[in-house]
Amino acid sequence: RKEVEQDPGPFNVPEGATVAFNCTYSNSASQSFFWYRQDCRKEPKLLMSVYSSGNEDGRFTAQLNRASQYISLLIRDSKLSDSATYLCVVTVTGGIIFGKGTRLHILP
Amino acid sequence: NAGVTQTPKFQVLKTGQSMTLQCAQDMNHNSMYWYRQDPGMGLRLIYYSASEGTTDKGEVPNGYNVSRLNKREFSLRLESAAPSQTSVYFCASSVAGGMNTEAFFGQGTRLTVV
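Just so you know, the sequences run in chain order A and B.
FYI, the numbering for the first sequence is 1066 to 1173, going by my numbering.
FYI, the numbering for the second sequence is 170 to 283, going by my numbering.
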């Protein structure tokens, strides 16, 4: 079983719509959780951290469910500039584990 | 503020040639990482260094060696390049590999082995 699993997509979503991604992780000792964004041929960059209480940053909401070992990302009022690959990231002692990413295409 | 700097940005090698990818960070981070990214495969960890003086294998270490030269620098060496090592290589660093630590990435090295 892979350590971090994501639906690869692509998700093709009209501009203005709401889109949600989920990610599951296998290591119950995972310590920290993040969503990263990666644009084509660029390096990954942190989008937001994920906390058990849930956290929001503008149009983006992230949620962590430790009991079920999944992480979610919700994007509201999607913009063309949101088109990218979104990587679910989990840290364990000594390492950072990336999911393969979910591709999102926002359609005009 | 440079962050994580990788050199070179592009490289073409012939099968069997060797080369070293350089990575340096100026954020005083303890942990450094080397990943490779192939289409459809996501980021796969090659080696990491939790702190200066230590290195450990990741998911795909075969064909690579690393050196944590000092706290700032973490190099990746291909002793005898193979076409299967054609990939984009990313170096990253973080304060520490555990709790609540964001990873910062270099811009990547695009390596082609012919």
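Glycine included, each C-beta is placed from N, C-alpha and C at the ideal position.
This structure is a prediction, so every number in the text was calculated from the model and none was measured.
(request) Could you say if the region 178-187 of chain B and the region 196-207 of chain B meet the contact criterion of at least three C-beta pairs nearer than 8 angstroms? (result) no
(message) Taking CB distances under 8 angstroms as the criterion, tell me whether B:Q191 reaches chain A.
(response) Taking the second sequence and counting its residues from 1, one reaches residue 191 of chain B at position 22. By this cut-off, B:Q191 is not an interface position.
(message) Restricting to Cα atoms, I'd like to know which of B:N239, B:W203, B:L280, B:F243 is closest to B:P230.
(response) The residue labelled residue 230 of chain B in the question sits at position 61 within the second sequence. Among B:N239, B:W203, B:L280, B:F243, the Cα nearest to that of B:P230 is on B:W203.
(message) Just to make sure I have the definition right: I need the residues of chain A whose C-beta is within less than 7 angstroms of the C-beta of B:G211. Which are they?
(response) Start at 1 with the first residue of the second sequence, and residue 211 of chain B comes out as number 42. Per Cβ cutoff of 7 angstroms: F1163, G1164, K1165, G1166.
(message) I need the boundaries of the beta strand (DSSP E) containing A:K1110, first residue and last residue.
(response) Taking the first residue of the first sequence as position 1, residue 1110 of chain A is located at position 45. Where A:K1110 is concerned, the enclosing beta strand (DSSP E) stretches over 1110-1115.
(message) Comparing C-alpha positions only, which one of B:R205, B:L214, B:V235, B:S187 sits nearest to B:P256?
(response) On the second sequence, residue 256 of chain B is found 87 positions in, with the first residue counted as 1. In the sequence as presented, Pro is not what sits at residue 256 of chain B; that position holds Ser. Checking every option, the nearest Cα to that of B:S256 belongs to B:R205.
(message) Classify A:S1133: buried if its beta carbon has 16 or more other beta carbons within 10 angstroms, exposed otherwise.
(response) Working through the first sequence from its first residue, we reach residue 1133 of chain A at position 68. With fewer than 16 other Cβ atoms within 10 Å, it is exposed.
(request) Could you tell me which chain D residues have their CB closer than 7 angstroms to the CB of B:G277, listed as they occur along the chain? (result) In the displayed structure, chain D is absent; the protein chains listed are A and B.
(message) Going by C-alpha to C-alpha distance, which of B:G209, B:T224, B:P208 sits closest to B:I294?
(response) What the structure shows of chain B is the stretch from 170 to 283, and residue 294 of chain B is not part of that stretch, so it cannot be assessed.
(message) Quick check on the DSSP output: what are the complete alpha helix (DSSP H) runs of length 4 or more inside the region 175-206 of chain B, in order along the chain?
(response) none
(request) Enumerate in chain order the residues of its own chain whose CB-to-CB distance from B:A251 is below 7 angstroms, with the five nearest sequence positions on each side excluded. (result) Translated into the one-based positions of the second sequence, residue 251 of chain B becomes position 82. If we look at B:A251 and ignore the five residues flanking it on each side, its Cβ neighbours are T184, G232, V282.
(message) What does the alpha-carbon distance come out to for the pair B:G227 and B:C192?
(response) Within the second sequence, the letter at position 58 stands for residue 227 of chain B. Within the second sequence, the letter at position 23 stands for residue 192 of chain B. B:G227 and B:C192: Cα-Cα distance of roughly 17 angstroms.
(message) At the 8 angstroms Cβ level, is A:L1111 part of the contact set with chain B, yes or no?
(response) The count along the first sequence starts at 1 and reaches residue 1111 of chain A at position 46. Judged by the 8 angstroms Cβ criterion, A:L1111 is in contact with chain B.
(request) Output yes if chain B places a C-beta closer than 8 angstroms to the C-beta of A:T1156; else output no. (result) Taking the first residue of the first sequence as 1, we reach residue 1156 of chain A at position 91. Yes, because at least one Cβ of chain B sits closer than 8 angstroms to the Cβ of A:T1156.
(message) Quick check on the burial criterion: 16 or more other C-beta atoms within 10 angstroms. Buried or exposed for A:C1153?
(response) Residue mapping note: residue 1153 of chain A aligns to position 88 of the first sequence, counting from 1. Buried, by the Cβ-count rule.
(message) Between the region 1073-1080 of chain A and the region 1097-1113 of chain A, can you find at least three pairs of beta-carbon atoms closer than 8 angstroms?
(response) no
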